[in-house]
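Going down the list, the protein sequences come from chains X and W. Numbering of the first sequence is given in the numbering used here, commencing with residue 150 and proceeding in unit increments. Numbering of the second sequence is given in the numbering used here, commencing with residue 384 and proceeding in unit increments.
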Amino acid sequence: MSNGERDYFDPLILARLSNLYLKARWVVEGIMSGIHRSRSKGFSVEFEEHREYSPGDEIRRIDWKALGKFDRYFIKEYEDETNLRAYLLLDTSASMDYASNGVTKFDYGCVLVASLAYLILKQQDAAGLVTFSNRIESFIPPKARRGYLMEILRALEQQRPAGETNVGQILLEIAGKMKRRGLVILVSDLLDEPDEILKGLRLFRFKGNDVIVFHLLDAAELDLPFDGNVLFEDLEETSLKVTTDPQSIRKTYRKVVEEFVDHVRKECRENSIDYQLLPTSTPLDHALVSYLGWRG
Amino acid sequence: MSLFFLHPLYLLALAATTVPLLIHLLNRRKVKRIRFPAVRFILLSQRRISRSYRLRHWILLALRTFAVLLLVLLLAHPIFQTGVGLFAGGGPLSAVILLDNSLSMKWSGGSEDFKQAKEAARLLISSLNDGDRAAVVPTNGFDKSPIRLKGEKEILARDVEAVQVSAGTADFSVALARAYELLREPAAQREIWLLTDMALTGWENFTIAALGQHDPLIPLKILRIGGKEEPLNAALKEVKMRGHGVGVGLPIHLEASVVNFGDREIKDLLVQLYIDERNREQKLISVPPKGEVGVGFMLQLARPGEHQGYVALKKDGLAGNPISYFTLQAQDKLRVLVVDGDPQTALVQSETFFLARALNPAGERDSSLFLPTVIIPEGMGSVALDAYQVVALCNVSAVPDAFLARLREYLHKGGGLLLFLGDRVETENYNARLFDSSPPVLPARIREKRTLSEAAAEKIGEVETAHPALQLFADERLRDSLQSAKVHGYFRTDRAGGSTLLSLAGGAPLLVEKRVGPGRVLFFTTAADRDWSDLPLKTAYLPLLQSLVSYVAGGKRGAMDPGVIVGNPKTFTLPPSYVGKSLQVIKPDRKERGIIFAAAGEKASAAFQENDLAGIYRLASAAADIGGAAQMYPVNSPFLESRLEAIGEQELKRKLEPIRAEILDREALEKGGTRTDLSLSLLFLLIATLASEGWLAQRF
Chain X
150 MSNGERDYFD PLILARLSNL YLKARWVVEG IMSGIHRSRS KGFSVEFEEH
200 REYSPGDEIR RIDWKALGKF DRYFIKEYED ETNLRAYLLL DTSASMDYAS
250 NGVTKFDYGC VLVASLAYLI LKQQDAAGLV TFSNRIESFI PPKARRGYLM
300 EILRALEQQR PAGETNVGQI LLEIAGKMKR RGLVILVSDL LDEPDEILKG
350 LRLFRFKGND VIVFHLLDAA ELDLPFDGNV LFEDLEETSL KVTTDPQSIR
400 KTYRKVVEEF VDHVRKECRE NSIDYQLLPT STPLDHALVS YLGWRG
Chain W
384 MSLFFLHPLY LLALAATTVP LLIHLLNRRK VKRIRFPAVR FILLSQRRIS
434 RSYRLRHWIL LALRTFAVLL LVLLLAHPIF QTGVGLFAGG GPLSAVILLD
484 NSLSMKWSGG SEDFKQAKEA ARLLISSLND GDRAAVVPTN GFDKSPIRLK
534 GEKEILARDV EAVQVSAGTA DFSVALARAY ELLREPAAQR EIWLLTDMAL
584 TGWENFTIAA LGQHDPLIPL KILRIGGKEE PLNAALKEVK MRGHGVGVGL
634 PIHLEASVVN FGDREIKDLL VQLYIDERNR EQKLISVPPK GEVGVGFMLQ
684 LARPGEHQGY VALKKDGLAG NPISYFTLQA QDKLRVLVVD GDPQTALVQS
734 ETFFLARALN PAGERDSSLF LPTVIIPEGM GSVALDAYQV VALCNVSAVP
784 DAFLARLREY LHKGGGLLLF LGDRVETENY NARLFDSSPP VLPARIREKR
834 TLSEAAAEKI GEVETAHPAL QLFADERLRD SLQSAKVHGY FRTDRAGGST
884 LLSLAGGAPL LVEKRVGPGR VLFFTTAADR DWSDLPLKTA YLPLLQSLVS
934 YVAGGKRGAM DPGVIVGNPK TFTLPPSYVG KSLQVIKPDR KERGIIFAAA
984 GEKASAAFQE NDLAGIYRLA SAAADIGGAA QMYPVNSPFL ESRLEAIGEQ
1034 ELKRKLEPIR AEILDREALE KGGTRTDLSL SLLFLLIATL ASEGWLAQRF
């Protein structure tokens, strides 16, 4: 991939784009330009709504019966029926509102989710969105119709990171709301009890869902690159404070984080869950390629 | 074993050892606040490493502090010393060896102490290395020859040999000031060694301010010389004479004071009196601890003139000044011709009864300095005046012409005249013979007689105590006695031509002096007996008459000279003909030193400074030439120098503050010792510490 192409996925460049749609399109078009466009996998269509004819619409899609009734031209809109229902789960807790390089985990997650929704819908699959902190903030069930992307994007744009995380509990709740099996894509920093999280993920699997976990972490969370005497205050639990010399604990800290990541990764593997660690400095194509790899 | 520093000023930088701790505390106070999502991981990490982290943290802090400490110590250049650590290691040395040669070094331990001090000095010199320099400075008399630092051990050893015990007290202020002056030149190491018996006397007047400019950082090592056993420590404090005057054939009462400085009683102490090198008397005494005993001696001198003497203490193992020198100026008896102008059959009513008794109270020939011979006025024509030193005329009515001529001649030969008036005196005769004729003998014209009732009698007012004849009356009791005398009969006089020595309360002269050639005349305006005053009944009468007779005789009353203390000057006063002349002073060691006389008022005066030995000093001149002045004088050692009591270590250190003084025993010096320069070891240790610190810091 050339440098020019890489710029499509640079989180810092994407951050300059204010419109989430543009961001998603930017990312997806960037990656799709390099691969063959796949055709729709759906095998049936379902009428959804009428709309007035406008020049350019196909003549064959005019509803002649409606013309007879109303003496006006209507076009019949159908919802594609697909065999993939993707649930995009975005963690919006306060811990996601952290950036050491200018892009918060939340922003990164939003673009990632938007890109995935764009990609999924573009491929005629159904995409839904669930945002959550320690409760479900919004729930948009997966649909494959056109224009649904804007609904998802609007929901994302209205969301602000706040509140504490309770990933494990939320996953169990979402799993209860899912009526049909599909693909669950979790975008979170997973800063919660790993066993609770895995419990929720395992429930998704138990219900026959495929699960992809995009584990977002800031580079500073991985490396703890601070110096001097620092008073760390937790973004979610404000009473949680600690004063330390980061330099003196850096090595151990890295080991602790690594152990955490390894534990989650190992558990995911054992439960056939795709796990992808995504530092926020990682270009977004990594995540999309990972998804496409699974989709392919 | 001890540790000292060549550049101790750097030790002030030890305060810098707190810098790592301060930085640590400062960093702890300077906290950055960061809002962070993964605080739980931080907590977990901290819990895991908490114990080892803290341990490493403190080790790191300790290493940093230790490194600063090592650096400061390295700069201060530490030297480790075992024993007294003779001069070895630490770079070229400049040392001054102060050798206490005060008299106490001779007395303590029977001269052994001074030998030991010299041996110690030789040992120090032998320990000098190539490049080291030293100087030997005696505490007394070092100003006689130039002293400089030198590296030749042989010459330094000779300097030690040349130092002799002096007769005075050590002047540590001057000696130490000289030592600091010698060490002004920079050197890697500088030291002062003081070899002393630490006798208290030498340090009593010592003040650090007297040292002047000095570097208190130069180590002062005081080597205590002398045994730890306390010797029998007694000394002669002084020899005094009791009574007035020293005359040929008269009993002389001397009293020697012996002081025991020790805590033990001294028994069977032999005290001997020597006069003119002959043992005249000796006594055995006991002196209580810390006590003083007076030992009395009686003696008579067979010939007039100067005599030398001393009192000596003798006992084995006795430490302290055993000799006190003195000289005696013995006067021959003064023959006094007393002319009684109003003789009575009852002696007590005689005009001269009180006068003769005052001059010879016991009435015996050998009991007084004065030999009064009383005659009546009829004998004046035939008496040979030259047989007498003084003539006293008491209430003699008139002076015969033949006697007057002989009296004038007598006065011109230096004779003395004591003149009392009375009710028989014919004033016209006196004025005509003694005042109006030339040269006048009377100091003033005699006027009318004044007789008062006993109730209205006048007391004696002014007493010219500055006059040599009345110096005795500087004593208040004697003067009070004299001034209590009441005079109710006297002759008025015109204004006195001589000096008035005594006046009545009303201002009238009572005693007037006049010089007639070399002769002296003392003129009383009242009578010699009780007829006109009660003066003869007063205590002051005897000393007054004896003093006046001695004065008009022109000579001194014999006396004892206790002399001067070693180190103090002796002033000679001679007739003015000696101005510009040089005389030799012969010291007790037979060495002669010249002194030159300069004008001092109407006299020639010279001071002899070199009284550095105890003993008898002589002025080499013929007695006649120097106007009767004493040719001998004694010089005695300072009494307190005999006190061998040592100053306490703490007190000495306190006196020497802020000098870094260390007090050592002689045994420690003999055992020797070594010095090791710790700089290199400290440097390696510092490098190792810094490496450890670096390694440990990386581990964090």
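Every residue gets a Cβ at the ideal spot worked out from N, C-alpha and C, and that includes glycine. In this text, all values refer to a predicted model and were calculated from it rather than measured experimentally.
Secondary structure of residue i, DSSP reduced to three states
i        : result
W:Ile425 : helix
W:Ser669 : strand
W:Gln732 : helix
W:Phe803 : strand
X:Thr393 : strand
W:Pro391 : helix
X:Lys190 : Because the pLDDT at X:Lys190 is just 37, under 50, the model does not fix this residue reliably, and the value given afterwards should be weighed accordingly. Correct three-state label for X:Lys190: coil.
W:Gly798 : coil
W:Ser510 : coil
W:Asn410 : helix
W:Asp496 : helix
W:Val479 : strand
W:Pro602 : coil
X:Glu385 : coil
W:Thr590 : coil
For residue i, the first and last residue of its enclosing alpha helix (DSSP H)
i        : result
X:Arg351 : Pro343 to Phe355
W:Thr810 : Thr810 to Tyr813
W:Ile417 : It is not in any alpha helix (DSSP H) - W:Ile417 instead sits in the beta strand (DSSP E) that spans Lys415 to Phe419.
W:Gln536 : It is worth fixing the name first, because residue 536 of chain W is Lys in this sequence and not Gln. Here the alpha helix (DSSP H) through W:Lys536 covers Lys536 to Ala545.
X:Ile319 : Val316 to Lys326
8 Å Cβ cut-off: residues of chain W touching residue i
i        : result
X:Ile398 : Ile425, Ser428, Gln429, Ile432 and Tyr436
X:Val406 : Ala421 and Phe424
X:Leu340 : Pro420, Ala421 and Arg423
X:Asp423 : Per Cβ cutoff of 8 Å: no residues; X:Asp423 is ~23 Å from chain W at best.
X:Leu389 : Val422, Arg423 and Leu426
N-terminal and C-terminal residue of the beta strand (DSSP E) that residue i is part of
i         : result
W:Lys620  : Leu615 to Arg625
X:Leu332  : Leu332 to Ser337
W:Pro926  : Looking at the DSSP string, W:Pro926 is not in any beta strand (DSSP E); the run it does join, the alpha helix (DSSP H), is Tyr924 to Val935.
W:Tyr1016 : Met1015 to Asn1019
X:Met299  : It is not in any beta strand (DSSP E) - X:Met299 instead sits in the alpha helix (DSSP H) that spans Tyr297 to Gln307.
W:Ser916  : Taken as a continuous stretch (DSSP letters only), W:Ser916 belongs to no beta strand (DSSP E), as it is neither H nor E.
W:Ser965  : Ser965 to Ile969
Chain-ordered neighbours of residue i on chain X, where CB pairs are closer than 7 Å
i        : result
W:Arg447 : Residues of chain X passing the Cβ test: none, with the nearest at roughly 15 Å.
W:Ile442 : By Cβ distance, chain X contributes nothing, its closest Cβ being about 13 Å from W:Ile442, past 7 Å.
Contact list for residue i against chain W, beta-carbon separation under 7 Å
i        : result
X:Asp402 : It is Tyr, not Asp, that sits at residue 402 of chain X in the sequence shown. Correct list: Phe424, Ile425 and Ser428.
X:Thr393 : Ile425 and Gln429
X:Ser244 : Pro420
Interface residues of chain X facing residue i [CB-CB closer than 9 Å]
i         : result
W:Ile406  : Those within 9 Å of W:Ile406 in chain X number zero; the least Cβ separation is about 12 Å.
W:Val414  : Gly377, Asn378, Val379, Leu380 and Thr392
W:Arg1043 : Within chain X, no residue comes near W:Arg1043; the closest Cβ sits about 44 Å away, beyond 9 Å.
W:Asn410  : Gly377, Asn378 and Asp394
Proximal chain W residues relative to residue i, where beta-carbon distance stays under 9 Å
i        : result
X:Glu207 : None at all; the shortest Cβ gap to chain W is about 51 Å.
Beta-carbon neighbours of residue i, restricted to chain X and to distances below 8 Å
i         : result
W:Arg1037 : Those within 8 Å of W:Arg1037 in chain X number zero; the least Cβ separation is about 50 Å.
W:Ile417  : Phe375, Val379, Leu380, Phe381 and Glu382
> Taking the runs of the beta strand (DSSP E) that are 3 residues or longer, which of them lie wholly in the stretch 624 to 710 of chain W?
Replying inline: 634 to 643, 649 to 658, 661 to 670, 675 to 683 and 688 to 697
> Which parts of the stretch 857 to 906 of chain W are runs of the beta strand (DSSP E), unbroken and 3 residues or longer, counting only runs that do not cross its ends?
Replying inline: 872 to 876, 882 to 887 and 892 to 899
>> To test your reading of the DSSP string, which unbroken beta strand (DSSP E) runs of 3 or more residues are found completely within the stretch 191 to 277 of chain X?
In response: 193 to 201, 223 to 230 and 234 to 240
> Should the stretch 1021 to 1036 of chain W be called in touch with the stretch 545 to 552 of chain W, which here means at least 3 C-beta pairs below 8 Å?
Replying inline: yes
> Can you find at least 3 beta carbon pairs, one from the stretch 425 to 437 of chain X and one from the stretch 259 to 271 of chain X, that sit closer than 8 Å?
Replying inline: yes
> With a cut-off of 8 Å, do at least 3 Cβ pairs link the stretch 966 to 982 of chain W to the stretch 990 to 1002 of chain W?
Replying inline: yes
> Which runs of the beta strand (DSSP E) fall wholly inside the stretch 977 to 1002 of chain W and span at least 3 residues, in chain order?
Replying inline: 981 to 983 and 986 to 991
>> With three or more beta-carbon pairs closer than 8 Å as the criterion, would you say the stretch 863 to 873 of chain W touches the stretch 749 to 767 of chain W?
In response: no
>> Quick check: the stretch 693 to 707 of chain W against the stretch 730 to 750 of chain W, are at least 3 beta-carbon pairs closer than 8 Å?
In response: no
> How about the stretch 632 to 640 of chain W and the stretch 667 to 687 of chain W: do they share at least three Cβ pairs that are nearer than 8 Å?
Replying inline: yes
> At what residue ranges does the stretch 1020 to 1063 of chain W contain a whole run of the beta strand (DSSP E), taking only runs of 3 or more?
Replying inline: 1044 to 1048 and 1058 to 1060
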